[in-house]
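There are 2 protein chains.
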Amino acid sequence: MQSLKFTGESSSNGMVERDFTVGEVPGVLWSPASGAGRAPLVLMGHGGGTHKKWPAMTGRAHRLVTGGGFHVAVIDAPGHGGRPRTAYDEQEIAALYRARAAGEPEGPVVVRYNAHLAERAVPEWQAALDALQELPEIGAEGPVGYFGLNMGTAIGVPLAAADPRITAAVFGIFWHESLAETAKQITIPVEFVLQWDDEHIPRESGLALFDAFAAKEKTLHANAGTHKEVPRFEADSAVRFFARHLGQRATSSA
Amino acid sequence: MQSLKFTGESSSNGMVERDFTVGEVPGVLWSPASGAGRAPLVLMGHGGGTHKKWPAMTGRAHRLVTGGGFHVAVIDAPGHGGRPRTAYDEQEIAALYRARAAGEPEGPVVVRYNAHLAERAVPEWQAALDALQELPEIGAEGPVGYFGLNMGTAIGVPLAAADPRITAAVFGIFWHESLAETAKQITIPVEFVLQWDDEHIPRESGLALFDAFAAKEKTLHANAGTHKEVPRFEADSAVRFFARHLGQRATSSA
Chain F
0 MQSLKFTGES
10 SSNGMVERDF
20 TVGEVPGVLW
30 SPASGAGRAP
40 LVLMGHGGGT
50 HKKWPAMTGR
60 AHRLVTGGGF
70 HVAVIDAPGH
80 GGRPRTAYDE
90 QEIAALYRAR
100 AAGEPEGPVV
110 VRYNAHLAER
120 AVPEWQAALD
130 ALQELPEIGA
140 EGPVGYFGLN
150 MGTAIGVPLA
160 AADPRITAAV
170 FGIFWHESLA
180 ETAKQITIPV
190 EFVLQWDDEH
200 IPRESGLALF
210 DAFAAKEKTL
220 HANAGTHKEV
230 PRFEADSAVR
240 FFARHLGQRA
250 TSSA
Chain H
0 MQSLKFTGES
10 SSNGMVERDF
20 TVGEVPGVLW
30 SPASGAGRAP
40 LVLMGHGGGT
50 HKKWPAMTGR
60 AHRLVTGGGF
70 HVAVIDAPGH
80 GGRPRTAYDE
90 QEIAALYRAR
100 AAGEPEGPVV
110 VRYNAHLAER
120 AVPEWQAALD
130 ALQELPEIGA
140 EGPVGYFGLN
150 MGTAIGVPLA
160 AADPRITAAV
170 FGIFWHESLA
180 ETAKQITIPV
190 EFVLQWDDEH
200 IPRESGLALF
210 DAFAAKEKTL
220 HANAGTHKEV
230 PRFEADSAVR
240 FFARHLGQRA
250 TSSA
């Protein structure tokens, strides 16, 4: 097993931030500054073209850590953040830029490329989770949540299907084509975020992905607005979702 | 103007309950027992076949009063609670029971009968709101919310379209046929609750009603489950929705 190496530590706003690596993969672990003991872990997947410390990640982490008392971990996806790109990565990124420049739908490229990235990312996540569970403040027995939209869903759905340690998940903002079959294997509680006026993802495609989850408890949160206009209150909702399902008590920031 | 007459008062669980009448219409006003001063008012509409103190009403009121510091008022709909039924009421209720006994869809009867009830109920609600706003702890300037599912939506959508004092609303669990045109006039923030596996309301009909609202901020909460299985956490979500839009601070019960 690859062990976790801490490479840096800082603290602000009630949150301790520790950089780490597991093998070649860099990650970050945020924890309550109050020095909380053992607490459940929430894994977060970042979106395409961003990285583990993108503002959406630090913002959601802050809510989860200070509002729910969770540990929160993010790793850089393959080809993202400081990680090297393969020739295939470069080719797909170029294809995406070409589609955008031509005003063509980016869905086909994103769906295909993210399915490829998920194949590389799932074993990396599982190795990171193995290593994180060696830490005394996390442990191997606690429940684990997963929170990722966009590419974070493209990677998170196959991860949750493959790894029974994940017991609750927030997904959303993705097409159904590459994920619906895998979603049918997922029975853990799911909160699913969709943008009602998404200019990239057809409404029917997002609804079809939500419909595919086999979870007995699943909730769709569809908000008016375009692809990038997910309201911030959905992050607060995710804190409460994980608090309900991972056994923490949320404090309000409504 | 018809004035409000208090007819009874009791107190429990952090909540003062005052029965009242406005003209012939009986209602109930719940307020914080802590003797809070002026606070925003949330009107709640009950479902078909129930009344102002049905458990769903008292439960939601308790969350709104103790979790959000609101005043909460419900009036009995025409033909409901202790109110007399007209010959037409009896005829439609008989039609509903016949449809149920025959295993036929109840939607056509409910849609038609509730549209009729809404015509009678909207002026009653407006008179009740006039009278409630005379109370010093409510006042005429404060924002007003509306929360009603099922028949509470059939009445609430035309009420919100007719009365600009209502500035935020939680609706849901209803067909689109009789309401979609009116919903197109509604621009206040809306949270809309839908049951994904509703055995009475086709999924497409509920989605079409959500789609019809002209609100720039609207959120669909669709939960797995049948018509009557709306999860209790949706009541907590409504408290936070009203806290955001009516300017209160919610305390968590997640």
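Line by line, the protein sequences give chains F and H. The first sequence begins at 0 in numbering that gives the first Met the number 0 and counts up by one. The second sequence begins at 0 in numbering that gives the first Met the number 0 and counts up by one. Every residue, glycine too, gets a C-beta built ideally from N, C-alpha and C.
Residues near arginine 37/H in its chain [Cβ-Cβ closer than 6 Å; skip 5 each side]: In the second sequence, residue 37/H corresponds to position 38, counting from 1. Result list for arginine 37/H: Glu136 and Gly138, in chain order.
Sequence-distant residues of its chain with Cβ nearer than 6 Å to valine 143/H (five each side left out): Along the second sequence, one-based indexing puts residue 143/H at 144. Result list for valine 143/H: Leu40, Arg164 and Ile165, in chain order.
CB contact check: lysine 227/F to chain H, cutoff 7 Å: Sequence index remark: in the first sequence, residue 227/F carries index 228 (1-based). Look at lysine 227/F: its C-beta is not under 7 Å from any C-beta on chain H.
Closest by C-alpha distance to glycine 102/H, when choosing among Ala214/H, His199/H and Ala168/H: Numbered from 1 along the second sequence, position 103 holds the residue referred to as residue 102/H. It is His199/H.
Spatial neighbours of glycine 246/F in its chain, beta-carbon cut-off 8 Å, leaving aside the 5 residues before and after: Stepping through the first sequence from its first residue, residue 246/F is reached at position 247. Hits under 8 Å: Pro39 and Pro142.
Cutoff 7 Å: threonine 6/F Cβ touching any chain H Cβ: Numbered from its first residue, the first sequence carries residue 6/F at position 7. It does not: the Cβ of threonine 6/F has no partner Cβ on chain H nearer than 7 Å.
Contacting positions in the segment 203 to 216 of chain F - beta carbon closer than 9 Å to chain H: Answer set for the segment 203 to 216 of chain F: Leu206, Phe209, Asp210, Phe212, Ala214, Lys215 and Glu216.
Collapsed DSSP secondary structure at methionine 274/H in the structure displayed: Residue 274/H lies beyond the range of chain H shown here (0 to 253); nothing can be said about it.
For tryptophan 29/H, three-class secondary structure by DSSP: In the second sequence, residue 29/H corresponds to position 30, counting from 1. Looking at tryptophan 29/H - three-state DSSP - the assignment turns out to be strand.
Top-ranked residue by Cα proximity to valine 238/F, from Lys183/F, Lys52/F, Ala120/F and Gly68/F: On the first sequence, residue 238/F is found 239 positions in, with the first residue counted as 1. Here the closest residue by C-alpha is Gly68/F.
Own chain residues within Cβ distance below 6 Å of methionine 150/H, not counting five before or after: If you number the second sequence from 1, residue 150/H lands on position 151. Correct list, in chain order: Gly46, Gly47 and Asn113.
Start and end residues, beta strand (DSSP E) containing glutamine 194/F: Reading the first sequence from its first residue, position 195 is the one you call residue 194/F. Taken as a continuous stretch (DSSP letters only), the beta strand (DSSP E) holding glutamine 194/F covers 189 to 194.
Classification of arginine 17/F by the beta-carbon crowding that lies within 10 angstroms, buried from 16 upward: Taking the first sequence and counting its residues from 1, the one referred to as residue 17/F is at position 18. Classification of arginine 17/F: buried, given that the 10 Å Cβ count is 16 or more.
C-beta contact flag for glycine 26/F and alanine 127/F at 7 Å: Taking the first sequence and counting its residues from 1, one reaches residue 26/F at position 27. Taking the first sequence and counting its residues from 1, one reaches residue 127/F at position 128. Yes; because the gap between Cβ atoms is below 7 Å, this pair is in contact.
Boundaries (first-last residue) of the alpha helix (DSSP H) holding isoleucine 154/H: Here the question's residue 154/H lines up with position 155 in the second sequence. Per DSSP, isoleucine 154/H belongs to the alpha helix (DSSP H) from 150 to 161.
Residue-chain proximity (threonine 218/H, chain F), Cβ-Cβ < 7 Å: As a working mapping, residue 218/H is identified with position 219 in the second sequence. Judged by the 7 Å Cβ criterion, threonine 218/H is in contact with chain F.
Limits of the unbroken alpha helix (DSSP H) element including alanine 249/F: Here residue 249/F corresponds to residue number 250 of the first sequence, with the count starting at 1. No alpha helix (DSSP H) contains alanine 249/F, which DSSP labels as neither H nor E.
Local conformation of leucine 219/H per DSSP, three classes: Counted from its first residue, the second sequence places residue 219/H at position 220. The answer is strand: DSSP assigns leucine 219/H an E or B state.
Chain-ordered residues of the segment 159 to 192 of chain F with a beta carbon less than 7 Å from chain H: none
Whether histidine 70/F touches serine 9/F by CB criterion (7 Å): Residue mapping note: residue 70/F aligns to position 71 of the first sequence, counting from 1. Residue mapping note: residue 9/F aligns to position 10 of the first sequence, counting from 1. No, Cβ-Cβ distance for histidine 70/F and serine 9/F is not below 7 Å.
Minimum Cβ-Cβ distance from alanine 221/H to chain F less than 7 Å: Locating residue 221/H in the second sequence gives position 222, where the first residue counts as 1. By this cut-off, alanine 221/H is an interface position.
Simplified DSSP assignment, three categories, for glutamate 91/F: Position 92 of the first sequence, counted from the start, is the residue given in the question as residue 91/F. Reduced to three states, the DSSP call for glutamate 91/F is helix.
Contacts around glutamate 105/H, its chain only, beta-carbon distance under 7 Å, and the 5 residues preceding and following it disregarded: Here residue 105/H refers to the residue found at position 106 of the second sequence. These residues qualify, in order along the chain: Leu95, Ala98, Arg99 and His199.
Residue from Arg119/H, Thr250/H, Phe19/H and Glu233/H with nearest C-alpha to glycine 78/H: Within the second sequence, numbered from 1, the residue matching residue 78/H stands at position 79. It is Arg119/H.
Proximity below 7 Å, CB of alanine 214/F to CB of leucine 219/H: Translated into positions along the first sequence, residue 214/F becomes position 215. Translated into positions along the second sequence, residue 219/H becomes position 220. Cβ atoms of alanine 214/F and leucine 219/H: not closer than 7 Å.
Expected contact under 8 Å - CB spacing of aspartate 196/F and threonine 225/F to nearest Å: Within the first sequence, residue 196/F is the residue found at index 197, counting from 1. Within the first sequence, residue 225/F is the residue found at index 226, counting from 1. Indeed, because the Cβ distance is near 5 Å, the residues count as touching under 8 Å.
Own chain partners of serine 252/F with C-beta closer than 7 Å, once the 5 adjacent residues on each side are dropped: Mapped onto the first sequence, residue 252/F falls at position 253. With a pLDDT of 49 at serine 252/F, under the threshold of 50, the modelled position of this residue cannot be trusted; read the value that follows with caution. For serine 252/F, where only same-chain residues beyond five positions count, the Cβ hits under 7 Å are Arg62, Gly66 and Asp235.
Cβ-Cβ distance between proline 157/H and valine 121/H below 7 Å: For the purposes of this step, residue 157/H is taken as the residue at position 158 of the second sequence. For the purposes of this step, residue 121/H is taken as the residue at position 122 of the second sequence. Going by C-beta atoms, proline 157/H is nearer than 7 Å to valine 121/H.
Residue of Ala242/F, Leu131/F and Ile154/F minimising C-alpha distance to histidine 115/F: Sequence index remark: in the first sequence, residue 115/F carries index 116 (1-based). Of Ala242/F, Leu131/F and Ile154/F, the residue nearest in Cα terms is Ile154/F.
Unbroken beta strand (DSSP E) run spanning threonine 166/H, endpoints: The residue given as residue 166/H occupies position 167 in the second sequence. Note, threonine 166/H: beta strand (DSSP E), 165 to 171.
Inter-residue spacing [alpha-carbon to alpha-carbon] between arginine 243/H and alanine 93/H: Against the second sequence, residue 243/H aligns to sequence position 244. Against the second sequence, residue 93/H aligns to sequence position 94. Whole-angstrom Cα-Cα distance: 42 Å.
Extent of the continuous alpha helix (DSSP H) to which glutamate 180/H belongs: Taking the second sequence and counting its residues from 1, one reaches residue 180/H at position 181. Run containing glutamate 180/H: 179 to 182, per the alpha helix (DSSP H) assignment.
Residue of Ala117/F, Glu233/F, Thr250/F and Thr57/F minimising C-alpha distance to alanine 160/F: The residue given as residue 160/F occupies position 161 in the first sequence. It is Ala117/F whose Cα lies nearest to the Cα of alanine 160/F.
Contacting residues, own chain, Cβ-Cβ under 7 Å from threonine 6/H (five flanking each side not counted): As a position in the second sequence, residue 6/H is number 7, starting the count at 1. Cβ within range, chain order: Asp18, Phe19 and Thr20.
Option nearest threonine 49/H by Cα separation, candidates Leu206/H, Ser177/H and Gly147/H: The sequence position of residue 49/H within the second sequence is 50, counting from 1. Looking at the Cα atoms, Gly147/H is the closest of the given residues.
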